[in-house]
Each structure stands twice: as C-alpha cells, then as structure tokens.
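S.K.: Residue numbers (my numbering), protein chains in the order written: chain B, 1 to 790; chain W, 1001 to 1164; chain H, 2001 to 2290.
The C-beta atom is built at its ideal place from N, Cα and C for all residues, glycine as well.
It should be emphasised that the depicted structure is a prediction, and the values quoted were computed from it without experimental measurement.
This is the structure, below, for whatever I ask next.
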Amino acid sequence: MASTPRTSPEVGGMGHSVKRKEDPRFLRGKGNYVDDIQLPGMLHMDIVRSPYAHAKILKIDSSAALKVPGVLAVITGQTLEQYKLHWMPTLMSDTQMVLPTEKVMYQAQEVAAVIATDRYAAADGAAAVEVDYDPLPVVVDPFKALEPGAPVLRTDKPGKTDNRIFHWEVGDRAATDKALAASDVVVEQKIYLPRIHVASIETCGIVADFDRIRGKLTVYMTTQAPHAIRTVIALVAGHVGLSEEKIRVVSPDIGGGFGGKVPVYPGYVIAIAASVVIGKPVKWVEDRMENLQADSFARDYHITAALGAKKDGTMTGLRIKTIADHGYADAAANPSKFPAGLFSICTGSYKMPVAFAEVDGVYTNKPPGGIAYRCSFRVTEAVHAIERMTDMLAQELKMDPAQLRMKNFIPENEFPYKSVLGWEYDSGNYPAALKKAMDIVGYDALRKEQAEKRKKGELMGIGISSFTEIVGAGPSKQFDILGIKMFDSCELRVHPTGKATARFGTKSQGQGHETTYAQIIAEELGIPAAHVEVEEGDTDTAPYGLGTYASRSTPTAGAAGAIAARKVRDKAKKIAAYLLEVSEDDLVWEVGKFSVKGAPQKSKTIQDIAFAAYTNHPQGMEAGLEAVDYYDPPNLTFPFGSYICVVDIDRGTGEVKVRRFVAVDDCGNIINPMIVDGQIHGGLSMGLAPALYEEITYDEDGNVHGGSFMDYLVPTAMETPKWETDKTITPSPHHPFGAKGVGESATVGAPPAIANAVVDALAHLGVKHIDIPITPEKVWKILKEKGAAE
Amino acid sequence: MARHTIEINVNGAPSKGEVESRLLLVHFLRENLRLTGTHIGCDTTHCGACTVLLDGVPVKSCTVLAVQADGRAVDTVEGLEKDGKLHPVQEGFFQEHGLQCGYCTPGMMMTSCALLSTNGSPTEADVRRAISGNLCRCTGYVNIVKAVLHAAASAREQKAAKAS
Amino acid sequence: MIPGSFDYHAPETLAEALDLLGKHPDDAKVLSGGQSLLPLLKLRLGAAAHLVDIGKIPDLEYIREDGGFLKIGGRTRESTLEHSPLVRRKYPLLADTAEVIADPLVRNLATIGGNLAHGDPANDHPATMLAYGAEIVATGKTGTRTIPIGKFFTSLFETALAPDEILTEIRIPVPPPKSGGAYVKLERKVGDFATAASAAQVTLGPGGEVERVGIGLTNAGPTPIQATAAEQFLRGKKPDAGAIAEAARLAASAAAPAADRRGSVEYKTEMARVLTGRALAKAIARAQGA
C-alpha cells in the first residue's frame, strides 16, 4: 500500500522509517528538560495557592515565611501591581490575573510566590505563608452562571453585568430549522464532554535568567511556541524595560506538550518578574497537583445536537448549540477569529446540505482555559458530536452504522469539497478507509457474533468513528494568534562540505522533527537525512514561527522546509550549469545531483555544488547556498480515518473491556511511517483515556475533584489495548509534498468509536447515549435499570 | 538526627553526600549528583518517571529517602551504556521507536532492565504487567512493549553467542 | 511534593527501635516500606518529627511454615510474597492479594506489616487476613503479644498496636487439605485502591460441604469488614450456585462503604456482592481441586 520511497535508505527521504536522530540523548538520560537546567546562583520559586474557588483576600502574612532559612522574598499581587504586571492578557485577548490583589477566582489559583535558595526551603516557605480569605458565592454551573441574578464574576471588567464571554455562530439558522422540521427523522441529544487535562509526564516550568549587565532576559521554558512567547513578553513587560531583541526564549527538550504548554501561565510571569527584580536566575517547576488543578484544561462543552435525515438515511441537516465553560478567563489558545476553535468541522465526513452551530462562552469559578488536549482547536468536541449523532441516527433508522456512513460520505470525486459551514476540505476518500477498517476487523463476522451473544444475554458492542480532521493553521487571511499570522518558517543553510543546518519556527515535544524535517530536506535535495542538523526552539536563532500544536507542523513548517529546499535547488541548478558549462535548460535533476540531458556521466552532486558555492561560484552571484521560507498555507489540510472498536461488557461490574481497536488513518503522503504509527498509538491512548477514565469535576463549593494522579486516571499499559493500525494515502493537493498533519487524528477519532461501541452493546436494551467517561458504574446503573445486571 | 552523611554506590561508583533526612532519593540523584536522567512526573507515587534500581530492584525514587539508600547500590539510566555500547534495552527502544518525548523513558528502561534480569523470555502480557507502574502519554505503550521484547530477543542472542 | 523536616533513625536492633518509639510516643512513626507513609509526608498530610526506619534490623523478612502456621516477617515485601512458590502453591488467597497491591514498583518496597499496621481499610491485606483468621504478633519493650486479627483493626487508620510496638510477624493457620482461597478486586485502573474487593478462604469437609469459611471485604467501611453473617450461612452447606449467591448477598449487607469517586454507596455495596460471589466460586473451585 505504501508507495516505494524515491530515495535510497542511505539518503532517508520520504517514506523511510529512519530511526530517530533525537534518541541518542534521551536513551542515555542526557535530555535537557527545563528542570535539568541549573545556573550559577539560581533561586527556586514555589507558589501559594487558594483553597477557595471564590474569595476576597483579606490579608497575606509573609512574616513566618520570611523567617524560614533560605527564603529571600514573598511576592504578592501588590508587589506586581507596582510594575503593572498583576494582570496579563490571554491569547484570546481576555485578561487574567498573574497574582490577585483583591480576590481569587478558582481553587488552586496562584496567590503568592516564595523565592528561596533551594526548592526545599521554597516549599517550607510556601507552607508558612498565611492568607486570610472571605469566601464569596461560588458559580460552577455555566447554566446557572447565565441565569439573571447570578453573581457577576468578572467584577474587574467595568460595566460587565453578566458572565457571558462570547457568542459565536456559523451557518444558516433559519434554513437548518426548516430542514429539520421537514425531516422524516430527527435525533436530538445532549452531550457533555467533561473537563480533562493533558497531563504530559513533564509538568510546566521555567528558568528565568535576567542579566542586569547586558539587559538581556533569557527564559528556558516548557513552551510549544517560543517566538509567540517572546513577543508576548515584550508586549506585556516592555514597560519594565524588556525589549524584544533582548529577550531570548529557549524551549529545550519538552516532555510532552499536547497543547498544555501553549498558554502563558502566571508562574512563568512571576518567575520572570522575580528574576528581573532580583537579578538572579529563578526556577519554577510546578508539581503534578498544581499542573492538574491550575493549568489549562480541555473540553467542558455542553452540547445539544440535532441531526435530521430522510427515511432512507440521507442526512438533511445538523443543528448544534453549545455552552462552553471557560473558567474565570478565556485563556484558550485559539486563533483569534475562532473563539470556538474549528468547531465548525462538525458536519464531519458527510454531505450535509444545511447546518447551523452556535457556541456561547461562559465564565465560572474554575481555572481558565481550555483547548489543551491534542484537540486541534475543539475538533475533538465537534467530531464526538457528529459521530455520536450519526450512530444515534443509525439506531433510530434501524440501519447498520457503517452503511449509514457510506451512504452519506462526501464522495471522493467531490473534493475539494466546500462544506456548508465554510471549510474547503482538500482531499478525502472516506469509503476506502472505512472499508479497509471493516475488512481488517472482520466486521460482518463480528455482527454475527454479536447476534449470537445477544441471544445468550452477553454484551458485546462494535463502534465506528469516521472522522475528518482539520489541521495546519493556517492561511493568513483567517488565522492569527494575538494578531500574529499563523505562517511558519524554515531557514536552510548548506555548508561547504555538503552538510546542512535547517532551523524551523516550530517546536517538537516528542513528534520527532529532528528526524522528519531532515527527511524532508533529504527528499528535496538528496543530502542524507543523517547530514541535516535540525534546530528548533531557540528564538535567538530560529526563524519566527507559531510553534507546534494542533497538528500544524508538517502542514506549515514542513512545507516551508520543502520550499526552502527548492529555493536552494534552484540556486544549485545555476551553479551546476556554471560548473558543467551548459545552460540550465540542459540539466536534469535526480535525487542528489544535476546531470546533463543525454550525457548522464556529466553531473554534479549537491555536495559538489555546495563546495562550489563557497569556492567557485559564478561571478555576479552571491556566495553561499541557503534559503529562508515563510510559508503561508493556502488552506488547511484534512486528514481523516475510520476507526472500529470492539468491546465486551462485564454484566456484573459494568466494566468495559476493549477487545480490539482498528485504526485506519489517512494523513496524505507520509514522511516517516514509524513515527506516524507512534503518533497514532499515542493519540489512540489519549482517546481511550477520556472515553473511559479521565474526568475533572467540581462540587458546588468549587472544590476540584480529580486533581491528582490518585483520581485523575491516566491509563497504564494494562488498561491500554494493543492498537491495530493501517493506512490509506490520499495526498493533499495543495501541500508541497502532499502531506497533512496527523498528531491529533487519533485523539479526535477514538473517543466516539469507543462510546459508540458501548452504546451499541446496550442498544438492544434501549440505550441511546452515554456521556464519557464511560465508567463501570455508569454502565452498571444502566444494566440495573434495564434488568440486565448480573 | 536531621542531617546525615551518606554514601551510596551509584552506577558502580561510591557517591558521598551530606543530606537532610527528608531529602528524596530522586533529588539526591538529580541535584546533588547532577544525574538528571531520572525524572520527576508526579507527587503521588503514580507515574514511575523516577524509577531507578535499588540493589537491582526497580523502585520509585521519589518515594525513597536518600538516607534509606545509604550503603546500598543504585543504578540509573546513566549507567546503562557500557564502554560506548548501548544496553540491549536502550538498543531495543531505539530500534522499535519506543520513545517520543523521552521523559518517561529512563524509568521505563530501568523497569525493563529489571524485568529482563529475572525473566529472559517475557511474553507481551509479562511486559505490560511489569511496566504497569510506569505511565507514558506519548507512545500508547505499543512500541515500548516491542522495544522490551526486542531487547529480550537480542539479549538471548548475545548470551547464546557468548556461550558458543 | 516535599515533606516537612523530621529526624531519621536507622536502628540496627529491635530493642533500639522500640527504645526510640518509647522516647517519642506522640510524634514518631515506624518507616517500613515507606510506600504509604512517605506519600503522606510528601503531601504534608501527616507529620512525624521522628522516623524510625526498621529496614536495617535483621530477621524481619521471612516466609516459613512452622508450628501449624505460615509465619511471615512484618517487613516482608509484597513482591516477595507475590513470587514465593510456597505462597503461590498453598496460599492462593495471599498470592492473589499481594499481586494486586498498588503496582509492581511499589510492591518492591511495600511491606505486608506496613500494609496492615497502617489501619487503612482500603489496603488489601486486612480483608485477606480476616478471611484467613490470621494473628498479628506485636513486639514491644516487654516482649511479644499475639493479637487475633478480629481485634486488630479498631477504627479508621487505628489498630490495636501501641505507639511503642512494632508489628513483627503475621501468622496464618496452615490450611487443611481441601482448602482454597481467592481475592477478587475491582479497581479503576492498575495501581488504584479497591472500588470494592472480596477475600474468601474456604475449607471443604468430607462430603464436599463448607467446613470453614472466612470472608473479608476491602474498602467497605471505616475498618475492613468480616462478613460474619455470610460465613455463618455458608457453614455446613453444599457450595452450590444458590448458596454462593445468598452468601454474597449477606456479605454485601455487611458492607457500609463511603461514596467517593470510585463509586456511590449503592454501586460499591452491589460490587461487594458481585465480587464476593466470584471470590467464593474461585475459592471453592480451588478447594475442590486441592
């Protein structure tokens, strides 16, 4: 199925499963993560956090903390207020507190920071700070927050009289209402996707190092977007003397991002302020409970969906209304014109004649956020909705869910396809992916087995998810973050000895860019991937980019790499023509060399040309062999896939066991199959986790539940099934090498496949929907109600 | 007493330190000895990123006091490579793409080394069970299992080659 | 993540250890495997001015049959129990229990003595020891005393151990022929405490009837629960499906779990029934095959 690579294994271009160039240091424990960094004179910071979800701060008493040996300072909102740093803008142009001066707005909010000579003293100091609070009424239910008379939370916003953040809508409301009203069948369902958290194994942290003599701030930070951070620091702290050319942000090795390391957390800003004021490096690394309880969450979408169809299963319209609980500030990291991210992909893989979606953002007394969990800007939410509704429709029509999907898929020959909600899907072949998945899993035999088992009272389910993803933000016309357009970049320089250095504006947190980007260059220039040194993450040297998240790297920076390499090849052609004393038109390129048409023995390798670029280049031409490309993608890319999940349910305990999970993915042309499979495996696991295990909840006093690994259940190797993966390949017509992103496809596609499987197992009992996470108790309750428990 | 002088044999070499009673072994390794290959990923003894061998047995070094390891042997990831040659477990992780961000990897590898020293022919189920105290968010465990089975096979081959 | 300060002592004899405990009756804690105590200290949920590490004291780790009992040293690690051929062969209930405690790494340090002395009804060994009718040997300055397991767990996180006593041995009566046991645990994921769990140990009589039975429930109340009504019911009966079902129902009626993220009271109580049924069925099958 995979096409044969054009380059040899020695060159290692597209299609080769080149072993990873980043591995040697990780295997030896020689990675350089933020907490590994130790600088002379470095101080440590620990944060005091609020036990209350909503409370006035009456007094902060630092006297006992300052007496702890090793404690140097206690920073409060009052301290930062002097520098006007107590509030900061969010990436969605809202504002959030760095440290409060009046009140706290969520449990675990930062209240004060202790600076000490070592982390043990900092911890003792934080435990010794005494804070007096006066509790205020707590609002945790977004529906209650919208009721007239609800306490107004953002009293810092002059003239604000409610808890609304934004209203966003897309599509044709009137036409959709009309179409649904006229449909033979309409299925309607409330779907709640609870708060979850990425919980990358490395938490967030920073070492801020302000050099007073040079006036330069260096920041080592767990960030997926170092340039954006640099610019934000310059804008937010410019008034205290930080200037962008004197700010260096370094993302060293990052232990997993998944979107959780995009936002600017208060801890970062406090550490920077502390370093600037004290003139010494300051390290802050949060512990796991802080990470789960205060850092950017994901989901918390209350969705009401309605899907209409004709009697024969042809879909007629989709209507979705969503209440989005953002916590006390809209600190989501969406492109600025999309407060609900790319939720409008919710018409999915289907030919939907009409649709309407609206999202209302609401403030509550919870941590701010929230799109961090491998979701491509709310695509997980959108796909969960459409894939659950599609199965509900199948159930209502008594149609096989695979058949119903096949009937409604956008046909291959209709791509590029303009959806009614405004996206132009670049390419797709949905029936092929679903058919492949069905063949691999043995779909017909499974349905037979299910029928047999049902007769014996055994519960077995088959769930399908045929998703379309939307990644690669994005074209400058529509996409910006805080005004900065979402291009990305590559700066490629070939050295005299034929090796190359390539720098990019993205930042890998495990996705293998040091290998895959080298493979892109290898494919275009024939320089072996082993000889291409890839660099990312240091704003002093990398070209400006918007970072790595939302599966955007290959579609944007990867494209920039290919274009930069082609620019290099164009110059190389001129040099080759000069060296071979022919005109450029007489030259033909094959991987790694130019040769003369009809006289192949007269050739120059890229290495020959590189050397000549510095030693024997034509008169009038600049020396050197390099290029920069800032790539503005013409469109997003639309990876897709079909997943099939088989579950067995224990009638005594309600436990759901995933017996098999087949994932067929299509991300266009593949750079490194081994790495793509790894991304799928990881994404599937981060789809399994929310489907069955993960959930962060709040009681009516705003106390968080699920704020440690004791109760936030990250699956182990025992809970995780053996993922079965395969591919179809439908290249992107607009991408320089036909690739699409892939890192998040599986997180998007897996939860509905699992949820659909469980509902399918119980459908004959009349069950239509279950919200995730589908815990054993939820299933057991249903079994008990239906008289089917053991 | 609240301060102790301890000596721990770390990766075969004696390492002395003067430490507080409460100093966690993981901090002694990372901060006192600057062996930062052992990582910290949680605060409730769940994630296993801090796994090291204590007298040959894999333990979570965040839940051991440095003073408890006085007079004992600790092996960390930094000690796996010998004379420029990767340990079969390291080689297995490399060949099978058993790591992505690399943060859980040292812990996973130390647990895997210990498994292979007691069971040279583990099944997939044996491996999954052995690593059930080590969390990974990136890989979905599939390639980690392959990596350990690869290491087991290669270790058996090396042993057989030596014997013949 | 970082504990408060404390003094650490590593005595080399039991006498020294007991002496230290006697000197600091209010603020000293025994450090055995540390896998329950250290996590508490790291979260600053518990405090101790003095930790008395019993890890250097010889002769506290052993598993041997002697005088009609399986005698286990208090500092024996869970991983040792899990892999002991003797335990796996003759004490399947104990083997089942050891292998579901926490995760394999924690089991390399966690001790059976610590698991019991912590007084946590969520730990796994207490219910198992109830099912076995075990005895606890406590050593103090004046010598040892034997505490029957039924008297050992007094209330939540409290046991019959005095502050200056150390749990040095656990004794399980050697089961007669035609005995079998099983521990069935429902957990949200590997490494979690039990949502519910049931320990069953049975001995069958000459006619195949239940001669002796012990049933313990984990995490079903403020202390581990002995399901005495279920035991009484089963004694003397033929262990058919109906009897097992009724015993399981009676066991559940002894459960008084608290609601938490692991489950509601109703669910946990029902699971006590379901799991007791499964544990009994397994125990009986093993007894029949023994």
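Any beta carbon of chain B sitting closer than 8 Å to that of H:L2186?
M.R.: So yes, H:L2186 belongs to the interface.
S.K.: What does B:T653 touch in chain H if you count any residue whose Cβ is under 7 Å from its own?
M.R.: By Cβ distance, chain H contributes L2186, M2271 and V2274.
S.K.: Considering only the alpha carbon of each residue, which of B:H86, B:A127 and B:P24 lies closest to W:E1081?
M.R.: Residue B:P24 is the option with its Cα nearest to W:E1081.
S.K.: If we count the other Cβ atoms within 10 Å of its Cβ and call it buried at 16 or more, is B:H735 buried or exposed?
M.R.: So B:H735 counts as buried.
S.K.: Can you tell me whether DSSP reads B:M1 as helix, strand or coil?
M.R.: Because B:M1 carries a pLDDT of 41, less than 50, the predicted location of this residue cannot be relied on, and no value is offered for it.
S.K.: Run down chain B in chain order and give the residues with a C-beta less than 7 Å from the C-beta of W:P1106.
M.R.: What W:P1106 touches in chain B: G29.
S.K.: Please list the partners that H:S2264 has in chain B, where partner means a Cβ-to-Cβ separation under 8 Å.
M.R.: Simply E777.
S.K.: Is DSSP giving W:S1154 helix, strand or coil here?
M.R.: The answer is helix: DSSP assigns W:S1154 an H, G or I state.
S.K.: Give a yes or no on contact between the segment 52 to 71 of chain B and the segment 119 to 133 of chain B, applying the rule of three or more CB pairs nearer than 8 Å.
M.R.: Short answer: they touch.
S.K.: Quick one: which chain H residues come within Cβ less than 8 Å of B:R119?
M.R.: I2002, listed in chain order.
S.K.: Ignoring anything shorter than 4 residues or poking outside the segment 505 to 562 of chain B, list the alpha helix (DSSP H) runs there in chain order.
M.R.: Runs of the alpha helix (DSSP H) inside the segment 505 to 562 of chain B: 513 to 525.
S.K.: Counting along the chain, where does the beta strand (DSSP E) carrying B:R374 start and finish?
M.R.: No beta strand (DSSP E) holds B:R374; DSSP gives it neither H nor E.
S.K.: Taking only three categories from DSSP, how would you classify H:P2039?
M.R.: Three-state result, H:P2039: helix.
S.K.: Classify B:M1: buried if its beta carbon has 16 or more other beta carbons within 10 angstroms, exposed otherwise.
M.R.: Summary for B:M1: the model assigns pLDDT 41, below 50, so the residue's position carries little reliability, and this model does not support an answer.
S.K.: When the cut-off is 8 Å and only beta carbons count, does W:E1018 lie next to chain B?
M.R.: Chain B, which has no Cβ nearer than 8 Å to the Cβ of W:E1018, makes this no.
S.K.: Distance, Cα to Cα, B:N163 vs B:P137?
M.R.: B:N163 and B:P137: Cα-Cα distance of roughly 14 Å.
S.K.: So what does DSSP say about B:C346, is it helix, strand or coil?
M.R.: It is helical.
S.K.: I'd like to check one pair, B:Y33 with W:Y1141: are the Cβ atoms closer than 8 Å?
M.R.: No, the pair does not count as a contact, with Cβ atoms beyond the cut-off.
S.K.: Are H:L2109 and H:G2034 touching if we call contact CB-CB under 8 Å?
M.R.: Yes, these two residues count as a Cβ contact at 8 Å.
S.K.: Under 8 Å between C-beta atoms, does B:A127 make it to chain A?
M.R.: Among the protein chains in the structure shown, which are B, W and H, there is no chain A.
S.K.: Less than 7 Å between C-beta atoms, sequence neighbours within five positions excluded: which residues of the same chain meet that for B:T653?
M.R.: Correct list, in chain order: P776 and W780.
S.K.: Does W:S1117 get closer than 8 Å to chain B when you measure Cβ to Cβ?
M.R.: Cβ-Cβ to chain B under 8 Å: no for W:S1117.
S.K.: Would you kindly work out how many angstroms separate the C-alpha atoms of B:G641 and B:K435, rounded to a whole number?
M.R.: Approximately 11 Å between the Cα atoms of the pair.
S.K.: From which residue to which residue does the beta strand (DSSP E) around H:R2145 run?
M.R.: Element bounds for H:R2145: G2143 to P2148.
S.K.: Between H:G2191 and chain B, is any beta-carbon pair separated by less than 8 Å?
M.R.: So, interface residue.
S.K.: Which residues of chain H have a Cβ atom closer than 7 Å to the Cβ of B:E790, listed in chain order?
M.R.: Result: V2274.
S.K.: Is B:D726 helix, strand or coil when you go by DSSP?
M.R.: Of the three classes helix, strand and coil, the one that applies to B:D726 here is strand, per DSSP.
S.K.: Whose C-alpha, out of W:A1069, W:Q1068, W:R1156 and W:L1054, is nearest the C-alpha of W:T1111?
M.R.: Closest by alpha carbon: W:L1054.
S.K.: Any beta carbon from chain H within less than 8 Å of B:L713's own beta carbon?
M.R.: At least one chain H Cβ lies under 8 Å of B:L713.
S.K.: Run through the segment 186 to 223 of chain B for me and flag every whole beta strand (DSSP E) of 3 or more residues, listed as ranges in chain order.
M.R.: Within the segment 186 to 223 of chain B, the complete beta strand (DSSP E) runs of at least 3 residues are 205 to 211 and 216 to 221.
S.K.: For H:D2103 versus H:G2191, is the C-beta distance shorter than 8 Å?
M.R.: Yes, the pair counts as a contact, with Cβ atoms nearer than the cut-off.
S.K.: Please decide whether H:N2219 counts as near chain W, where near means a Cβ-Cβ distance under 8 Å.
M.R.: Taking Cβ atoms only, chain W never reaches closer than 8 Å to H:N2219, which makes this a no.
S.K.: Using a cut-off of 7 Å between C-beta atoms, extract the partners of W:C1042 located in chain B.
M.R.: Here the neighbours are R288 and F709.
S.K.: Jot down the residue ranges of each uninterrupted beta strand (DSSP E) in the segment 636 to 692 of chain B, minimum 3 residues, whole runs only, in chain order.
M.R.: Correct list: 640 to 649 and 656 to 666.
S.K.: If we cut at 8 Å on Cβ distances, does H:G2055 have a partner in chain W?
M.R.: Cβ-Cβ to chain W under 8 Å: yes for H:G2055.
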